[in-house]
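Its first residue numbered 7, the sequence shown is counted upward by one per residue in this note's numbering.
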Amino acid sequence: MDLVENSYSCRNWEITNIHCIHAMIVIHPKDKNPKTYVDNYNTKETQFSIYFNFIKPVRGLKQGEPVPDMLSILPPLIKGHLANLLT
């Protein structure tokens with residue numbers, strides 16, 4: 007684990023620029039803020055500035071007309087270890 011270079015042997019951190027679970031396990035006990043290890047590209051402020059002209063707020067739930075015969079989109083079913091953590 008190299009917190010200066012933001013790297014770990016699983017290479018997930020280098021590939022995605024988002025710290026992996028292994029990094030979080032090291033960062034958390036040291037009482038360090040994980041946000042200090044996030045690449046500037048992945049910050050909320052950078053994403054807002056990138057998509058500022060493309061994404062407009064929705065005026066509300068009643069903005070559009072319902073589409074006839076459209077199936078409802080349901081959230082995915084969560085199975086396994088993650089499901090146990092959420093209950």
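Where a beta carbon is used, it is the ideal one built from N, C-alpha and C, also for glycine.
CB-CB under 8 Å to residue 34, same chain, minus the five flanking residues each way: which ones, in chain order?
40
Are the CB atoms of residue 24 and residue 46 within a distance shorter than 8 Å?
no
Along the chain, where does the alpha helix (DSSP H) containing residue 50 start, and where does it finish?
Bounds of the alpha helix (DSSP H) holding residue 50 are 50 to 57.
Considering only residues of the same chain and omitting the five flanking positions on each side of residue 16, which have a CB-CB separation below 7 Å?
Setting aside the 5 residues that flank it on each side, residue 16 is surrounded in the same chain by 26 and 28, each with a C-beta closer than 7 Å to its C-beta; the list follows chain order.
Let me check you understand the geometry: is the CB of residue 52 closer than 7 Å to at least one non-hydrogen atom of the ligand COA?
In terms of ligand content, the structure shown is empty, and the ligand COA therefore cannot be addressed.
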